[in-house]
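Novice:
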Amino acid sequence: MKKIYLSILSMMMVFSVLTLPVVNAAVSNVALNKPIIASSVESAMAMNTADKAIDGLADTRWSCNAMKSSSTTEQDAQTPQWLVIDLEAETTTVSLIKIDFFKKVWASHYEIQTADSNDGSTQWTSLKTIQRAGGSVADNYQENITDVTTLKRYV
-7 MKKIYLSILS
3 MMMVFSVLTL
13 PVVNAAVSNV
23 ALNKPIIASS
33 VESAMAMNTA
43 DKAIDGLADT
53 RWSCNAMKSS
63 STTEQDAQTP
73 QWLVIDLEAE
83 TTTVSLIKID
93 FFKKVWASHY
103 EIQTADSNDG
113 STQWTSLKTI
123 QRAGGSVADN
133 YQENITDVTT
143 LKRYV
């Protein structure tokens, strides 16, 4: 099953300019406090659960388990980490996806994916792939993605 793969310790997704069946707003965080699940939560930071990624607060964050142990090499396989947000709408139109990375902890490769369902038979569609070299962003980096406009229920 393919999900949003993230190798980050913190993530906040903010979606704006939405079109929902019931609500219309010029600028809004459509992911705010929606149902969310994560691949893991770092045991040393158990209070940094998935819901902290979308709670709208700048001083909270999600912390996942390490993708590799400290004894592994660059050639060893990684354990991808991911979040899945249920936007609770069939489709959502957005003008911005904003991801805030904590300190200098950020993903060198991740994808934004979307799907109609989130079960064993889900077919995820990749909307955006981000790849960069290690050490290429500043502390507290913010990724602003503006070329993704339509999301299905799960992202």
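If you count the sequence shown from 1, position 153 lands on 145 in my numbering, and the numbers rise without skipping.
All residues carry an ideal CB built from backbone N, CA and C; glycine is no exception.
(1) Could you tell me the distance, in whole angstroms, from the CA atom of L79 to the CA atom of S109?
(2) Helix, strand or coil: how does DSSP classify A81 here?
(3) Count the other CB atoms, across all protein chains shown, that sit within 10 Å of the CB of L75; report buried if there are 16 or more and exposed otherwise.
(4) Buried or exposed for D111, please, with buried defined as at least 16 other CB atoms from any protein chain shown within 10 angstroms of its CB.
(5) For Q105, count neighbouring C-beta atoms within 10 Å of its own C-beta (all shown protein chains included) and say buried if the count is 16 or more, exposed if not.
(6) Rounded to whole angstroms, how far is the Cβ of S31 from the Cβ of Q73, which I believe are closer than 8 Å?
(7) Would you mind working out which of T84, I89, D51 sits nearest K120, comparing C-alpha positions?
(8) Using CA coordinates, which residue listed in K144, F93, I46, T117 is at the minimum distance from N136?
(9) For K26, which residues from the same chain have a beta carbon less than 7 Å from its beta carbon, with the 5 sequence-adjacent residues on both sides left out?
Specialist: On the basis of the coordinates in this document:
(1) Here the alpha carbon of L79 sits roughly 11 Å from the alpha carbon of S109.
(2) Looking at A81 - three-state DSSP - the assignment turns out to be strand.
(3) So L75 ends up on the buried side.
(4) By the 10 Å Cβ count, D111 comes out exposed.
(5) It counts as buried.
(6) Their Cβ separation, rounded to whole angstroms, is 5 Å, which keeps S31 and Q73 in contact under 8 Å.
(7) Taking each of T84, I89, D51 in turn and checking the Cα distance to K120, the smallest one comes out for I89.
(8) The option with the nearest alpha carbon to N136 is F93.
(9) Cβ neighbours of K26 beyond the five flanking positions: I46, I77, D78, L79, E80.
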